Amino acid sequence: MLKIFTFLALLNQCNCAPANTSTNGDVAPCLKEFYQAAYDGIYNCTKEFDFFVENSTSEIFKSGKSCFLQIAEEECSVSQYNLLSTRYQDFLDVITKKPKNESDCENFHFKYNAIKCQPLMDDLGLKDAVLQKRHTKINDSRVLELIDLCDNALTCMSSNCYYFKTEVSIVSTFCETVKMSNSEFKACEWKIERESPDLSEYECLEGDDFYDPAILNKYRFYTKMKDCTKEIMMDICGEKAVVGFEKYAELSADFLIKAAKMQRAMSEVMDEDGSENDEEDD
């Protein structure tokens, strides 16, 4: 089964959030705390206002000002709260009005609106991690909830150019794999993984280990050796397991490629950080 939670964790690390010590006029750290509190429903006042609409509107932040500042006062640093409470209209203009140059994706307007996607992404990763440990049945309510959450997170990210196209593409592929988890194809994969039947009689394996969890091995069984995979699945689970096989095999292979690239990129970043720290120590 694809380790999607790990993949999303890597994505979240790449899309780095600002440090909580920011006092330079950038209220992103405070917004991060606000949106998380609003998403978790910690404060009753958030039930009256939909701060997570696709495009933040001045009406919501005007009518919800007292609620917003109440949360900011409790969750944010004193400097960030003071900045927001004394310059609320300036903040309102930034978060609700697109810049003249809409291709300036680093603009605070896009940055601030992108932050509201983070609680959805975090929740997505956590819920997926729980389901990774369970072999759910078709139309399990938890899977259907995860599918809805994934669609909402993808919509949030897709509407904001602050996120790189590659990031949106990764989440889009992830959402497709979530939907795939509600299929007979995935149910069969789980059955094979759980029962680990003896596959030594399959000559098409050519001596390879079907259960080897390495990404490269899994990738081959969705590409060059997909006919062998299809034969195994059909024998063990029946015809229903291979309905839409080509689509699911291609999707699985695509996801594995992106996962491998993301892991490699994160490894390189960590190596660079380690080198810089070593130089500082010297």
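The sequence shown lines up with residues -16 to -1, 1 to 266 when you count with mature numbering (1 follows the signal peptide of the UniProt record, and there is no 0). For each residue, glycine too, the CB sits at the ideal point set by N, CA and C. These numbers were taken from a predicted model, which means no experiment stands behind them.
Measure how close the beta-carbons of residue i and residue j come, nearest whole angstrom, since I'm counting them as under 8 Å.
| i | j | result |
| --- | --- | --- |
| Tyr96 | Ile79 | 5 Å |
| Phe18 | Glu59 | 6 Å |
Can you tell me which of the three DSSP states residue i falls into?
| i | result |
| --- | --- |
| Phe239 | helix |
| Glu252 | helix |
| Arg71 | coil |
| Glu59 | helix |
| Tyr27 | coil |
| residue 268 | Since the displayed the chain opens at -16 and closes at 266, residue 268 lies outside it and no answer follows. |
| Pro13 | helix |
| Asp34 | coil |
| Lys82 | coil |
| Leu183 | coil |
| Ser153 | helix |
| Asp77 | helix |
| Gly109 | helix |
| Lys95 | helix |
| Lys100 | coil |
| Ile176 | helix |
| Lys121 | coil |
| Met209 | coil |
| Asp88 | coil |
| Thr41 | coil |
| Ser142 | helix |
| Tyr203 | helix |
| Phe148 | coil |
Taking the Cβ atom as the reference point for each residue, do residue i and residue j lie within a distance shorter than 9 Å?
| i | j | result |
| --- | --- | --- |
| Asp219 | Arg204 | no |
| Pro103 | Ser61 | no |
| Cys159 | Cys134 | yes |
| Leu67 | Val11 | yes |
| Val155 | Met217 | no |
| Tyr195 | Ala237 | no |
| Ala98 | Tyr23 | no |
| Lys175 | Cys221 | yes |
| Val127 | Asn166 | yes |
| Leu110 | Ala137 | no |
| Ser143 | Glu43 | no |
| Glu168 | Lys224 | yes |
| Gly48 | Phe36 | no |
To the nearest angstrom, report how far apart residue i and residue j are at their CA atoms.
| i | j | result |
| --- | --- | --- |
| Ala244 | Pro197 | 13 Å |
| Asn91 | Lys231 | 38 Å |
| Leu228 | Asp211 | It is worth fixing the name first, because residue 228 is Gly in this sequence and not Leu. Computed Cα separation, rounded: 13 Å. |
| Cys172 | Glu179 | 10 Å |
| Thr161 | Lys149 | 18 Å |
| Ala56 | Tyr65 | 6 Å |
| Glu252 | Val152 | 21 Å |
| Phe45 | Lys208 | 54 Å |
| residue 270 | Leu189 | Lying before the first or after the last residue shown, residue 270 is absent from the chain, which here runs from -16 to 266. |
| Asp124 | Gln20 | 27 Å |
| Thr157 | Glu215 | 25 Å |
| Leu235 | Met250 | 23 Å |
| Lys31 | Cys51 | 10 Å |
| Leu183 | Asp132 | 37 Å |
| Glu187 | Glu177 | 20 Å |
| Thr213 | Lys16 | 44 Å |
| Tyr27 | Tyr72 | 20 Å |
| Thr41 | Asp74 | 14 Å |
| Gln247 | Lys202 | 16 Å |
| Val114 | Gly25 | 21 Å |
| Pro181 | Pro83 | 59 Å |
| Thr70 | Cys29 | 21 Å |
| Asp112 | Leu130 | 7 Å |
| Lys170 | Arg118 | 12 Å |
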